[in-house]
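Participant:
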Amino acid sequence: MQKPTIAIIGPGRAGSALGRALHTAGYTIAAIGGRNPDNVRNLAAELGAKACQNPATTIDLADLTILAVPDDVIVSLATDMVESLCSAAEKSAVHLSGAQDRAALRPLAQASLRTGVFHPLQTFRRGPEAVGNVAGTYFGIDADALLRDQLMQLAGDLHGHPFDLAGVDRALYHAAAVFAANYPITLLAEAIALGTAAGLDGKTAGPGMTALLAGAVNNLRDLAPAEAITGPASRGDEGTIERHLEALKKDPELQRLYQLLADRTKHLTSNKEAAA
Ligand SMILES: NC(=O)c1ccc[n+]([C@@H]2O[C@H](COP(=O)([O-])OP(=O)(O)OC[C@H]3O[C@@H](n4cnc5c(N)ncnc54)[C@H](OP(=O)(O)O)[C@@H]3O)[C@@H](O)[C@H]2O)c1
């Protein structure tokens, strides 16, 4: 299958990472569009693309336009794009949001473009390092038939794993992704603050707790969560849990959160024992 030429609107975290990875995979990045002229110009120059300061006009320059903009901007951008569209022939557009379905691109679908969702189930930071997370990513796809095939190939060319997002409850699915990628970081920040309050110095609390989390993630490479989890709640060390709760009593909210997580952890490991 011939590779479509690509336009990316939004040279932010996800747009830059995917743009760089697609460029490396041999795709022509025809245009970069966006809001901040410097960001648009810099990514366009790096990827050999045309810089479009008016994002809505980007769509006429490529076969497939990727809207890599904040979720709340997708509908209004899609509407503006229709206004400035010269021809819809053979053109497609996707957004990258896990929380929104294809309805967000309805204005483009009504203008006869093929539309779809191409959601990287991944976390991208700012900067060029983010491209390192692309390979191995699971890509959720929900699109018109012909576009779907193209997006499956695109995911494969990125060394990713395509999967079907059609019929998946987006709010629940996206909440699941937030649990996997965002809240562990919130919990790590709490762990670093607690470590510091306990008397660790700054050089140890952050790197030490981060190395601990990295070890836990590493264990998950070939173990299910119920197998990989360690600690007092999974061992049934009630005395240790009581001492932790006592130590956390100055922060009742965090104490409640600890208790909730301990209960969920006991549930997780007791389910494993029941299944064994
Ligand atoms: N980052 C992730 O880990 C991740 C993972 C999976 C999916 N996604 C999805 O990817 C999409 C982008 O997220 P992100 O994290 O990459 O966001 P981001 O880093 O904030 O980047 C958003 C980009 O959109 C541009 N933009 C904002 N408002 C715009 C407008 N009105 N018109 C044109 N361009 C506009 C921004 O321009 P400026 O240069 O002016 O800021 C920026 O380049 C979202 O749908 C998100 O759900 C993100």
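Numbering that gives the first Met the number 0 puts the first residue of the sequence shown at 0, with every later residue one more than the last.
Positions of the beta carbon are idealized from the N, C-alpha and C atoms, including for glycine.
Bear in mind that the values here come from a model prediction, so they are computed numbers and not experimental data.
1) Starting from PHE162, follow its DSSP beta bridges and name the residues at the other end.
2) Kindly indicate the opening and closing residues of the beta strand (DSSP E) around ALA92.
3) Of the residues ALA77, ALA6 and GLN99, which one's Cα is nearest the Cα of ALA165?
4) At the level of alpha carbons, what is the spacing between ARG263 and GLY207?
5) Around ligand 1, which residues pass a check of Cβ closer than 5 Å to any of its heavy atoms?
6) Could you check where the beta strand (DSSP E) with LYS249 kicks off and where it finishes?
7) Taking 8 Å as the cut-off, does the stretch 225-235 touch the stretch 187-206 (at least 3 CB pairs, one atom from each stretch)?
8) Using 10 angstroms around the beta-carbon of ASP168, count the other beta-carbons present and answer buried if the total reaches 16, otherwise exposed.
9) Ends of the beta strand (DSSP E) at ALA98?
10) Using the three-state DSSP reduction, which class does LYS265 fall into: helix, strand or coil?
11) Which parts of the stretch 177-249 are runs of the alpha helix (DSSP H), unbroken and 4 residues or longer, counting only runs that do not cross its ends?
12) Pull up the distance between the alpha-carbon of GLY47 and that of TYR26, whole angstroms please.
13) Report all residues from its chain with a CB closer than 7 Å to the CB of LEU247; omit the five preceding and five following residues, and keep chain order.
14) Taking its Cβ as the centre, do 16 or more other Cβ atoms sit within 10 Å of ARG220, making it buried, or is it exposed?
15) Could you check the C-alpha separation between THR4 and GLY131 for me, to the nearest Å?
16) Check whether the Cβ atoms of ALA77 and ARG105 sit closer than 9 Å, and answer yes or no.
17) Among the candidates ALA55, ILE28, ILE58 and ASP70, whose CA atom is the shortest distance from the CA of ALA44?
Facilitator: With the structure as the only source:
1) For the purposes of this step, residue 162 is taken as the residue at position 163 of the sequence shown. Beta-bridge pairing links PHE162 to GLY139.
2) Counting from 1 along the sequence shown, the entry for residue 92 is found at position 93. From DSSP, the beta strand (DSSP E) with ALA92 extends over 91-94.
3) Residue numbering aside, residue 165 sits at position 166 when the sequence shown is read from its first letter. The candidate whose alpha carbon is nearest that of ALA165 is GLN99.
4) Locating residue 263 in the sequence shown gives position 264, where the first residue counts as 1. Locating residue 207 in the sequence shown gives position 208, where the first residue counts as 1. Cα to Cα, the separation comes out at about 25 Å.
5) GLY9, PRO10, GLY11, ARG12, ALA13, GLY33, ARG34, ASN35, ASN38, PRO54, ALA67, VAL68, ASP70, VAL72, LEU95, SER96, PRO119, THR122 and PHE123
6) Along the sequence shown, one-based indexing puts residue 249 at 250. Unbroken run through LYS249: none, as it is neither H nor E.
7) no
8) On the sequence shown, position 169 is the one that residue 168 refers to. ASP168 is exposed by the Cβ-count criterion.
9) Working through the sequence shown from its first residue, we reach residue 98 at position 99. No beta strand (DSSP E) contains ALA98, which DSSP labels as neither H nor E.
10) Stepping through the sequence shown from its first residue, residue 265 is reached at position 266. DSSP places LYS265 in helix when its eight states are reduced to three.
11) 182-197, 201-218, 224-227, 231-234 and 237-246
12) Stepping through the sequence shown from its first residue, residue 47 is reached at position 48. Stepping through the sequence shown from its first residue, residue 26 is reached at position 27. Roughly 11 Å between the two C-alpha positions.
13) As a first step, residue 247 must be located in the sequence shown, where it is residue number 248. Same-chain partners within the cutoff: LEU253, GLN254 and TYR257.
14) Within the sequence shown, residue 220 is the residue found at index 221, counting from 1. Answer is exposed; the Cβ neighbour count stays below 16.
15) For the purposes of this step, residue 4 is identified with residue 5 of the sequence shown, where counting begins at 1. For the purposes of this step, residue 131 is identified with residue 132 of the sequence shown, where counting begins at 1. Whole-angstrom Cα-Cα distance: 22 Å.
16) Stepping through the sequence shown from its first residue, residue 77 is reached at position 78. Stepping through the sequence shown from its first residue, residue 105 is reached at position 106. Yes, the pair counts as a contact, with Cβ atoms nearer than the cut-off.
17) For the purposes of this step, residue 44 is taken as residue 45 along the sequence shown, with counting starting at 1. Taking only the C-alpha atoms, the option nearest ALA44 is ILE28.
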